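Protein chains: 2
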Amino acid sequence: MAVEKTLPKGQRVSIKDIARAAGVSHSTVSRALRNSPLVNAETAAYIRRLAQEMGYTPNILAQSLVTQRTYTIGLVVTSIADPFVDAIVDGVEALATREGYSVFLSSSHADPGREIAVVEAFHRRRVDGVIVLASRVGSLYTERLQELGVPIVLINNQAGGEYVYSVSADNLGGAREAVCHLLELGHTRIAYVGCHFRPPSNRHRLEGYRQALNRAAIPYDPNLVIHPRGFSDLENGQQALPHLLEAGATAVFCYNDRMAIGLINAARDHGLRVPDDLSVIGFDDIEMSAFVTPRLTTIHQPRYEMGRRAMAMLLALLAGEQVQDVVLPTELIIRESTAPPRSEP
Amino acid sequence: MAVEKTLPKGQRVSIKDIARAAGVSHSTVSRALRNSPLVNAETAAYIRRLAQEMGYTPNILAQSLVTQRTYTIGLVVTSIADPFVDAIVDGVEALATREGYSVFLSSSHADPGREIAVVEAFHRRRVDGVIVLASRVGSLYTERLQELGVPIVLINNQAGGEYVYSVSADNLGGAREAVCHLLELGHTRIAYVGCHFRPPSNRHRLEGYRQALNRAAIPYDPNLVIHPRGFSDLENGQQALPHLLEAGATAVFCYNDRMAIGLINAARDHGLRVPDDLSVIGFDDIEMSAFVTPRLTTIHQPRYEMGRRAMAMLLALLAGEQVQDVVLPTELIIRESTAPPRSEP
DNA sequence: TCCTTGGTTGCACACGTGTGCAAAAAGAAC
DNA sequence: GTTCTTTTTGCACACGTGTGCAACCAAGGA
Chain F
23 MAVEKTLPKG QRVSIKDIAR AAGVSHSTVS RALRNSPLVN AETAAYIRRL AQEMGYTPNI
83 LAQSLVTQRT YTIGLVVTSI ADPFVDAIVD GVEALATREG YSVFLSSSHA DPGREIAVVE
143 AFHRRRVDGV IVLASRVGSL YTERLQELGV PIVLINNQAG GEYVYSVSAD NLGGAREAVC
203 HLLELGHTRI AYVGCHFRPP SNRHRLEGYR QALNRAAIPY DPNLVIHPRG FSDLENGQQA
263 LPHLLEAGAT AVFCYNDRMA IGLINAARDH GLRVPDDLSV IGFDDIEMSA FVTPRLTTIH
323 QPRYEMGRRA MAMLLALLAG EQVQDVVLPT ELIIRESTAP PRSEP
Chain C
23 MAVEKTLPKG QRVSIKDIAR AAGVSHSTVS RALRNSPLVN AETAAYIRRL AQEMGYTPNI
83 LAQSLVTQRT YTIGLVVTSI ADPFVDAIVD GVEALATREG YSVFLSSSHA DPGREIAVVE
143 AFHRRRVDGV IVLASRVGSL YTERLQELGV PIVLINNQAG GEYVYSVSAD NLGGAREAVC
203 HLLELGHTRI AYVGCHFRPP SNRHRLEGYR QALNRAAIPY DPNLVIHPRG FSDLENGQQA
263 LPHLLEAGAT AVFCYNDRMA IGLINAARDH GLRVPDDLSV IGFDDIEMSA FVTPRLTTIH
323 QPRYEMGRRA MAMLLALLAG EQVQDVVLPT ELIIRESTAP PRSEP
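Just so you know, the sequences run in chain order F and C. For the first sequence, the working numbering gives the first residue as 23, with consecutive numbering after it. For the second sequence, the working numbering gives the first residue as 23, with consecutive numbering after it.
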């Protein structure tokens, strides 16, 4: 009520209004605005000019109702406030916008209940497709997703069954490269600090860690692998330090850069010097990794590109094309947080 | 075409289907699902059970068409990949979701052309309201926004005319407090590194800087105020260093934390020690500011809360209530990057 | 038995747009 | 001028849902 009074009434101009003004039927207006060849060129031009003057803006809702296409996609993330996530969102949004799609963004906070609620909401809004950038995609969740009857693309999460596609970075290869780098520097006591609430990618990175050790003929020591139980990467990294020291690690491969940065801070507070006393390598190559002290050695993930490719895949699926899962290469970025181990005194 | 074949057909169950199955008219089904008292309690229960079994999901598009409410809002940001922005988006999204709204996220990349396009898209989708977290809201832009006829809330940008409301942090007070902190430490040559592409907030922070100096009876020296021309905060911070040294600054107040971090890195590369040789204070209190070296002294902005309040304001406006602009308090967070000036040798 | 009342239900229209089909208008060929 | 073809237009229905109004039904009272 009050809104009506307070706000200037929105230009509720419909094609019917234009039709009335032009003295034609709404069908003709519809055709003219869609550049149909079934309308006389002159009338069409007149109608388009009229629409312009009257400030007409098509109502996509009504269009969608009949065309069964909303030109809308749903994007589920765990948390928006995560430098890994936001670059991907950026990539998705850029391509989506360019192609005339709008994106619904929702975060699940890794809560299964909310994940379901989000999917439900997307269904009610009849999105054309869904991109999931979530941690754990439970079997139940995936089933529910498939029931939507719309294409789904998972990022960094190859849990997909049928009708579910994925884009991811080469987690396994990247992890292997990270650990190889430490091995080449001469380390043998190399630890892995994993992430318990991102099972799919964590599994691959752990596997890469094991493969690298294996190739170097270094036995796998469970004491050197920890999975902190918290939900904050920075804190998890910090809290990992005591265990690492106890296990006698001289180098650490962290699940991601934020953990690595947390760990480096804890080390500094503990009087340890990185990389002299402890080498640390991360994963992701977030922007800040080049601005912490020491600058972080890490594995670069093409995050923006991952988002772009996910959207591209969705577009292809919507166009009825066949698609294949994508795995993008990672790259080792050597900075200052890794060095040879101190020679034993 | 191929999509139809490849994907399981979405459950296109409408109230008409339910009506047919229940042997009633679609009106009755509609009323039953909306818990209208105009339906027999038993039939209503039966219909609801049936809807459940048939996997019915209401089509919000159709609902919106008749109710003229989409329960959708548009959120415009400059860039998603910005730690200042993402916490706000988080706050907006959390409250929106809780209240049954979905949010369209679009980034403008500070490009006026794209900003207009985004607004246009929002209009076509008939969003119920818009939140703008953009840099510069040109007069043209604001006009266009108002034509939408929907409530608008600006964040950190009181450029609003009529029908445009705002939520912001106390940029002026925060800046004053930052500079006072430096003054209290004994600095007199205090510089300000501003941001040219965020005019509204930059103006307030600069004003706070001047007020603080004024109160301390220190004359304003234009040489101590720089506005780097780039569009990357980190780089702008780095590039500011030479000018600052030339101007003889012993302390620097930066427009935001990212600039401060860039500046600190440049200082380190230049062989300067922060805070011993140069004190640096930022603005925002992004998460990373507590994890760089030295830990950054800064002005905390309640970003999540700003997003929440903006959404709350939009909800109030949509409910027809009167609202007033909101200015949230900031807080000085003293860490390690500020210290008294070195006594002159 | 008839009328009134209150509770249920369906008809019909609306929201804004797209489109198959038939009708009308215009032009072409004879 | 007549007939056939082509172009242009409008009618009517569809998409999925909400709702005013009239009609129906059952129960209660006179």
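Beta carbons are placed, not taken as given, at the ideal position from N, Cα and C, and that holds for glycine. None of these values were measured; they are calculated from a predicted model.
For C:L87, I'd like the list of residues in its chain whose CB is within less than 8 Å of its CB, leaving aside the five on either flank, ordered along the chain. none
Cutoff 8 Å; reference C:P30; Cβ partners in own chain excluding five residues on either side: Any reading at C:P30 needs caution, since the residue's pLDDT is 41, under 50, leaving its predicted position unreliable; the model's value is listed next. Closer than 8 Å at Cβ, skipping near neighbours: no residue.
Answer yes if the region 313–331 of chain C comes into contact with the region 302–316 of chain F, meaning at least three C-beta pairs across the two stretches below 8 Å, and no otherwise. With the rule of 3 Cβ pairs closer than 8 Å, the region 302–316 of chain F counts as touching the region 313–331 of chain C.
Under 9 Å Cβ-Cβ, which residues of chain F neighbour C:P80? R146
Nonlocal neighbours in the same chain, by C-beta distance under 6 Å from C:F106, ignoring five residues either side: D306
Look at the alpha carbon of C:Q233 and the alpha carbon of C:P244, and state the distance between them as a whole number of angstroms. 14 Å
For F:G196, three-class secondary structure by DSSP: helix
Using a threshold of 9 Å, state whether the C-beta atoms of C:R136 and F:I82 are closer than that. no
Excluding sequence positions up to five away, which residues of its chain have a Cβ less than 6 Å from the Cβ of F:I193? Strictly speaking, residue 193 of chain F in this sequence is Asn, with Ile absent from that position. The residues are S223, H226, R227.
Please report how far the alpha carbon of F:N258 lies from the alpha carbon of F:P250, in whole angstroms. 6 Å
Skipping 5 residues on each side, what residues in its chain have a beta carbon closer than 7 Å to that of C:Q346? Here C:Q346 has no same chain residue with a Cβ atom under 7 Å from its own Cβ, once five neighbours each way along the sequence are excluded.
In or out: F:P363 buried (at least 16 other Cβ within 10 Å) or exposed? Under the 10 Å beta carbon count, F:P363 is surrounded by 16 or more other beta carbons and is classified as buried.
Going by beta carbon distance, what residues of the same chain come within less than 7 Å of F:L117, once the five residues before and after it are set aside? Answer for F:L117: R330, M333, A334, listed in chain order.
Just to confirm, are F:A143 and F:G77 a CB contact at a threshold of 9 Å? no
Just the chain C side, please: which residues come within less than 9 Å of F:G293 by C-beta, in chain order? For F:G293, none of the residues of chain C pass the 9 Å Cβ criterion, the least Cβ distance being about 14 Å.
So C:L167 and C:I177 are in contact, right, with Cβ under 8 Å, and what is the actual spacing, rounded? Not really, about 14 Å apart at Cβ, beyond 8 Å.
Compute the minimum distance between the beta carbon of C:P222 and the heavy atoms of the ligand ZN, and state whether it is under 8 Å. Judged by which ligands are present, the structure shown has none, so any question about the ligand ZN falls away.
Assuming F:L318 and F:S359 make a contact with CB atoms under 8 Å, what is their CB distance in whole Å? Right, their Cβ atoms sit about 5 Å apart.
Please list, in chain order, the residues of the region 274–290 of chain F that have any C-beta partner in chain C closer than 9 Å. R280, I283, G284, I286, N287, R290
Distance check for F:V99 and C:Q85, CA to CA, integer angstroms please. 27 Å
Let me know if F:A239 comes out buried or exposed under the rule of 16 or more other beta-carbons within 10 Å of its beta-carbon. exposed
Would the beta-carbon of F:S301 fall within 9 Å of that of F:H218? no
What residues from the region 58–84 of chain C come within 9 Å of chain F, judged by C-beta to C-beta, listed N to C? If the cut-off is 9 Å between Cβ atoms, the region 58–84 of chain C has G77, T79, P80, N81, I82, L83, A84 near chain F.
Grab me the residues of F:H131's own chain with a C-beta within less than 7 Å of its C-beta, minus the 5 sequence neighbours each way, in chain order. Contacts found: T100, S101.
How would you label C:P297, buried or exposed, when you count the other beta carbons within 10 angstroms and need 16 or more for buried? buried
What do you get for F:A341, buried or exposed, if any count of 16 or more other CB atoms within 10 angstroms of its CB means buried? exposed
Chain-ordered chain C contacts of F:A271 [CB-CB under 7 Å]: The contacting residues do not exist; F:A271 stays about 21 Å from chain C at best.
Look at C:A156 and F:T119 and say whether their C-beta atoms are less than 9 Å apart. no
Just verifying my parser: in three-state terms, what is the DSSP assignment at F:L72? helix
Since C:A54 contacts C:H48 with CB under 8 Å, what's their CB separation in whole angstroms? So it is not a contact: roughly 10 Å between Cβ atoms.
Enumerated in chain order, which unbroken segments of the beta strand (DSSP E) with a length of 3 residues or greater are wholly contained in the region 56–144 of chain C? 94–99, 124–129
What residue range does the beta strand (DSSP E) around F:E353 cover? 353–355
N- and C-terminal bounds of the beta strand (DSSP E) containing C:S2: For chain C, the structure presents residues 23 to 367; residue 2 of chain C sits outside this window and is missing.
Buried or exposed, going by whether 16 or more other CB atoms sit within 10 Å of the CB of C:Q261? buried
For chain C, is any of its Cβ atoms less than 9 Å away from the one on F:A156? Judged by the 9 Å Cβ criterion, F:A156 is not in contact with chain C.
For my contact list, C:P324 and C:L350 are in at a C-beta cut-off of 8 Å; report their separation, rounded to the angstrom. 5 Å
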